[in-house]
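>
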Amino acid sequence: MFYALMGYGVSNRSLCKMLVEMGHRVFVSEAKALSEQDRRDLDEMHVEFEDNGNTERVLKADWIVVSPSVKPDHPIVSRAREKTLTDLDVVLNIKKPGFIVAVTGTNGKTTTCHMFEHVLTKLGKRIIVAGNIGNPIANVRDEQLDYLVLEISSFQLFWSKSLPIDVGVILNIEPNHLDWHPSFEHYVESKLKLFTFAGKRFSHESCRKFINKRWTDVVGFSTMHLVNEHQVEFHGQIYPLRNGFLKTHQNLQNLSAVLTVLESLGFEPRMVLEALEDFTPPQHRMQLVAIIDEVHFVDDSKSTSAAATIAALQNYQDGKVVLILTGRGKNENYDALVGQVKKKVKFVVVFGEITALITPLLRASNVPFRVVENMEEAVFEAFRRASRGDIVLLSPAAASFDLYANYAERGEHFVRVVESLKEGA
56 MFYALMGYGV
66 SNRSLCKMLV
76 EMGHRVFVSE
86 AKALSEQDRR
96 DLDEMHVEFE
106 DNGNTERVLK
116 ADWIVVSPSV
126 KPDHPIVSRA
136 REKTLTDLDV
146 VLNIKKPGFI
156 VAVTGTNGKT
166 TTCHMFEHVL
176 TKLGKRIIVA
186 GNIGNPIANV
196 RDEQLDYLVL
206 EISSFQLFWS
216 KSLPIDVGVI
226 LNIEPNHLDW
236 HPSFEHYVES
246 KLKLFTFAGK
256 RFSHESCRKF
266 INKRWTDVVG
276 FSTMHLVNEH
286 QVEFHGQIYP
296 LRNGFLKTHQ
306 NLQNLSAVLT
316 VLESLGFEPR
326 MVLEALEDFT
336 PPQHRMQLVA
346 IIDEVHFVDD
356 SKSTSAAATI
366 AALQNYQDGK
376 VVLILTGRGK
386 NENYDALVGQ
396 VKKKVKFVVV
406 FGEITALITP
416 LLRASNVPFR
426 VVENMEEAVF
436 EAFRRASRGD
446 IVLLSPAAAS
456 FDLYANYAER
466 GEHFVRVVES
476 LKEGA
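Mapping to my numbering: the sequence shown position 117 is 172, numbers consecutive.
#1: Looking only at DSSP bridge pairs, what is Trp118 linked to?
#2: For Val273 and Ser319, which I take to be in contact (beta-carbon distance under 8 Å), what is that distance rounded to the nearest angstrom?
#3: Reducing DSSP to helix, strand and coil, say where Phe469 ends up.
#4: In terms of residues, what are the limits of the alpha helix (DSSP H) holding Tyr202?
#5: To which residues of the same chain is Asn231 closer than 6 Å at the C-beta, ignoring the five residues directly before and after it?
#6: Can the beta-carbon of Thr278 be found closer than 8 Å to that of Gln308?
#7: State buried or exposed for Gln292, treating a residue as buried only when at least 16 other CB atoms are found within 10 Å of its CB.
#8: Using DSSP with H/G/I as helix, E/B as strand and the rest coil, what is Ile155?
#9: Identify whether Gly314 lies in helix, strand or coil by the three-state DSSP scheme.
#10: Quick check: Pro191 and Val65, are their CB atoms within less than 8 Å of each other?
#11: As a quick exercise: from Phe438, Ala363, Arg443, Val434, pick the residue whose alpha carbon is nearest that of Glu349.
#12: Considering only the beta carbon of each residue, do His173 and Leu331 sit closer than 8 Å?
#13: By Cβ distance, which residues of its chain are closer than 7 Å to Met61, with the 5 residues on each side in sequence left out?
#14: What residue from Arg263, Val422, Asn421, Asp445 has the CA that sits closest to Phe352's CA?
#15: Could you spell out where the beta strand (DSSP E) holding Leu378 opens and where it closes?
#16: My guess is that Pro451 and Gly384 are in contact by the Cβ rule of under 8 Å, so how many angstroms apart are they, rounded?
#17: Runs of 4 residues minimum, wholly inside the stretch 333-395: which ones carry the alpha helix (DSSP H) assignment?
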């Protein structure tokens, strides 16, 4: 078989090695310049390649494995749609390593996948998390697992052809990635494609309006609510909730998904909640990094969309948040965010490319704000505007690529600045 790999990022790099080891012919086409190390590696594997642009050479392959960075309207690949697929298609249709739970959604995917991993590991199951989470699926092809939990993005779902998924979970669908998808409707359809692959289907009740009557067997779940500070209700039963990390609005939604799915697979909710007592969410997601003069500094750099920042704000009392907005917009409408900001936020600090998009809306809504140049100025200004008991929240509502390599780098910069502020306090 002859495979052309469109893009040579982490996933296709791992897939390339696998395909060569299996004796397949591979051609790599990269839109950017390949590193010298990548060139040497490809030469050693006797893999032909091109970089600094894609050409029609990819059309000669039997299959074109598309990187998530490749947009639907790509002038070459769009002409061979019947031959396009993803690394997930290739690996999982060669060998299915275990029972597959696939998770998608606008917000909460990574945390939910790690919650599944944490619970099932503590309950003695062999489990690996892979996919759009930094662990390419080709890395787990030889594993013998009880469960494989996949995080799947809308990009991967759009390009995927056939995935042997046992359980599909859609956490939520809000406008996002409209710089990649031509419309919100296109984004929704890409997310819903998960259900065309899944044997069992689960979704948050907010997704019902998108599903309509296409699938009548979808199991719904709702965002759990706290009975009090230490208890939560699930399906009419009261359970102890001892993990403070799980009490945020988004994590209560994630928790509901995990409990609903695992209960359907025979795991008792009490066992699941006990297993999660020592769970710690991934970094840069509503992460308390410091308390200075009774002001709480929270790193939510992973919130790269308006919907994610709205969800973050729902965790706080009205008027107690100083919000830092920054980054590169994704062709979103920010009206709903500004409405939530007007209710929840006492002051906004803005920098980066989002400034031109958001400041006219803030001004029109009479939301107090200040534009600054960088993260240092943003943190110091936010601290200056905060009172005792307030929250300084980095929840950018935009991608990081105007000033940073990724959201993690942005969050780490925020943490360093806060730490320097703490040292000088």
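From the three backbone atoms N, C-alpha and C, an ideal C-beta is built for every residue, glycine too. Just so we're clear, the structure is a prediction, and the values are computed from it rather than from any experiment.
In short:
#1: Looking up residue 118 in the sequence shown gives position 63. Beta-bridge pairing links Trp118 to Tyr58.
#2: Within the sequence shown, the letter at position 218 stands for residue 273. Within the sequence shown, the letter at position 264 stands for residue 319. Rounded, the Cβ-Cβ distance is 12 Å, inconsistent with contact.
#3: Numbered from its first residue, the sequence shown carries residue 469 at position 414. Phe469 falls in the helix class under three-state DSSP.
#4: Stepping through the sequence shown from its first residue, residue 202 is reached at position 147. Per DSSP, Tyr202 belongs to no alpha helix (DSSP H); it is in the beta strand (DSSP E), 202-206.
#5: Position 176 of the sequence shown holds residue 231. Closer than 6 Å at Cβ, skipping near neighbours: Thr161, Ser360.
#6: As a first step, residue 278 is located in the sequence shown; it is residue number 223 there, counting from the start. As a first step, residue 308 is located in the sequence shown; it is residue number 253 there, counting from the start. Result yes, Cβ atoms of Thr278 and Gln308 sit closer than 8 Å.
#7: As a position in the sequence shown, residue 292 is number 237, starting the count at 1. By the 10 Å Cβ count, Gln292 comes out exposed.
#8: Locating residue 155 in the sequence shown gives position 100, where the first residue counts as 1. Reduced to three states, the DSSP call for Ile155 is strand.
#9: Within the sequence shown, residue 314 is the residue found at index 259, counting from 1. Per the sequence presented here, residue 314 reads as Leu, with Gly not at that position. Leu314: helix per DSSP, three-state reduction.
#10: By 1-based counting over the sequence shown, the position of residue 191 is 136. By 1-based counting over the sequence shown, the position of residue 65 is 10. Contact: yes.
#11: For the purposes of this step, residue 349 is taken as residue 294 along the sequence shown, with counting starting at 1. The option with the nearest alpha carbon to Glu349 is Arg443.
#12: Locating residue 173 in the sequence shown gives position 118, counting from the first residue. Locating residue 331 in the sequence shown gives position 276, counting from the first residue. The answer is yes: Cβ separation under 8 Å.
#13: Walking along the sequence shown from the start, residue 61 turns up at place 6. The answer, listed in chain order, is Ser84, Asn109, Val113, Ile119, Val120, Val121, Ser122, Val125, Val132.
#14: Translated into positions along the sequence shown, residue 352 becomes position 297. Selected option, being the one with the closest Cα: Asp445.
#15: Counting from one through the sequence shown, the residue named residue 378 turns up at place 323. It spans 376-381 - the beta strand (DSSP E) in which Leu378 sits, taken as one unbroken run.
#16: One-based indexing of the sequence shown puts residue 451 at position 396. One-based indexing of the sequence shown puts residue 384 at position 329. That pair is no contact at about 10 Å.
#17: 361-368
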